[in-house]
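Okay, so the sequence shown: first residue is 210 according to this note's numbering, each after it adds one.
See below for the structure under consideration.
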Amino acid sequence: GELLADLSEEDWTRPTAAKAWSVKDVVAHLLQGDVGVLSRCRDAFHQTAKPVERHEDLVSLVNDLNAQWVCAARGLSPRVLRELLSFSGTLVEEYFASLDPFAMSGPVSWAGPDPAPVWLDLAREFTERWHHQQQIRDATNRPPLYEPYFLAPVLDAFVRALPYSFRIVEAKAGSVVKLEIAGDAGGVWYLRRNQAAWELFAEVEEPVAAHVVIPQDAAWRLFTKGLSPEQARATAMVQGDARLAAQIFGTIAIIG
């Protein structure tokens, strides 16, 4: 709320990294996220008669709905958007607080097609709000929201996309890829191949086959398509098996 209240009239029109969206469009999208949570999740109201099964179809549906919403919201003033977000944000916070974080819920698409715990979906919601706020900060030359209290859980959520992203990478059982995100909010994670899939760990006993170190500023941008794989690779240090390491730079932790 403080960030939006501080924006000048010119700031609201500035372009962002979110495709062709202005700052105002990104704010409208955040409002869309709030009312979507309240309608779909809290009120169990669904637009489509049946769930979308293919990831490609989900991406297409989400992109179409986003475009429609942002286009319609261009007739709203910045003040109206701020007021609506203040109202919807309180309701969303109340709804989230009512949930059992350890109950099982629907899948988080970029982490895989299987049911996921509620806490992972809440983490996804947090990353959505954080990275769009950061896009606004970038576009309006505000300081980044990189305090570990905010960014550390965002990065920890984003790396949950890695096992699903690595499903296409063949390796013998016991192979390990180490990802190190450098910075105050960063950390270390290990991807280990079992007989059938890759799994994410905080520690492993096996030797590391590939080690990737990437700055936190580049990591979140990579996972949200703010940097291309090639741009992110240029910021990183890679040791060991380059083939195994490469899929880190092909990982996306958003829909779209």
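Just so it is clear, CB atoms sit at the ideal spot from N, CA and C, and this is done for glycine as well.
Nearest to Pro362 (by Cα), restricted to the options Asp450, Pro353, Phe335, Arg283: Phe335
task: Using 10 angstroms around the beta-carbon of Pro287, count the other beta-carbons present and answer buried if the total reaches 16, otherwise exposed.
output: buried
- prompt: Looking only at DSSP bridge pairs, what is Ala419 linked to?
  reply: Val386, Gly449
- prompt: By how many angstroms is the C-alpha of Arg402 removed from the C-alpha of Gln456?
  reply: 14 Å
field: Stretch pair the stretch 233 to 248 + the stretch 430 to 442: three plus CB contacts closer than 8 Å
entry: These segments do not touch.
query: Opposite Val397 in the DSSP bridges: which residues?
result: Glu389.
message: If distances are taken between C-alpha atoms only, which option among Leu354, Ala380, Tyr304, Gln425 comes closest to Ser389?
response: The residue you asked about is not Ser; residue 389 is Glu in the sequence shown. For the residues Leu354, Ala380, Tyr304, Gln425, the minimum Cα distance to Glu389 belongs to Gln425.
- request: Please report how far the alpha carbon of Glu265 lies from the alpha carbon of Arg369, in whole angstroms.
  value: 20 Å
query: Looking at the structure shown, is Phe367 part of a helix, part of a strand, or coil, going by DSSP?
result: helix
- prompt: Asn275: buried (16+ other C-beta within 10 angstroms of its C-beta) or exposed?
  reply: buried
field: Length of the line joining the Cα atoms of Leu371 and Lys233
entry: Rounded to whole angstroms, Leu371 to Lys233 spans 32 Å at the Cα level.
- request: Flag this pair as yes or no: are the beta carbons of Ser374 and Gly459 separated by less than 8 Å?
  value: For the pair Ser374 and Gly459, the CB atoms are nearer than the 8 Å cut-off.
- prompt: Taking DSSP as the reference, what is the three-state secondary structure of Ala325?
  reply: strand
Contacting residues, own chain, Cβ-Cβ under 6 Å from Phe432 (five flanking each side not counted): Excluding sequence neighbours, Phe432 sits near Phe367, Ala462.
- request: Have a look at Glu292 and Trp278 and give me their C-alpha separation to the nearest angstrom.
  value: If you take the alpha carbons of Glu292 and Trp278, they lie about 17 Å apart.
- request: Could you check what DSSP says for Leu216 in three-state terms: helix, strand or coil?
  value: coil
query: Going straight from the alpha carbon of Trp328 to that of Pro310, what length do you get?
result: Between the alpha carbons of Trp328 and Pro310 lies a gap of roughly 4 Å.
query: If you compare alpha carbons, which of His341, Val301, Glu302, Val397 is closest to Ala226?
result: His341
- request: For Glu337, count neighbouring C-beta atoms within 10 Å of its own C-beta (all shown protein chains included) and say buried if the count is 16 or more, exposed if not.
  value: buried
query: Is the beta carbon of Gly392 less than 8 Å from the beta carbon of Ser295?
result: It is not a contact, given that the beta carbons lie outside the stated cut-off.
field: Alpha-carbon spacing of Ala406 relative to Val317, whole angstroms
entry: 18 Å
- request: Answer with buried or exposed for His255, where buried requires no fewer than 16 other C-beta atoms within 10 angstroms of its C-beta.
  value: Around the CB of His255, fewer than 16 other CB atoms lie within 10 Å, so the residue is classed as exposed.
Contacts around Ala380, its chain only, beta-carbon distance under 7 Å, and the 5 residues preceding and following it disregarded: Arg402, Leu453
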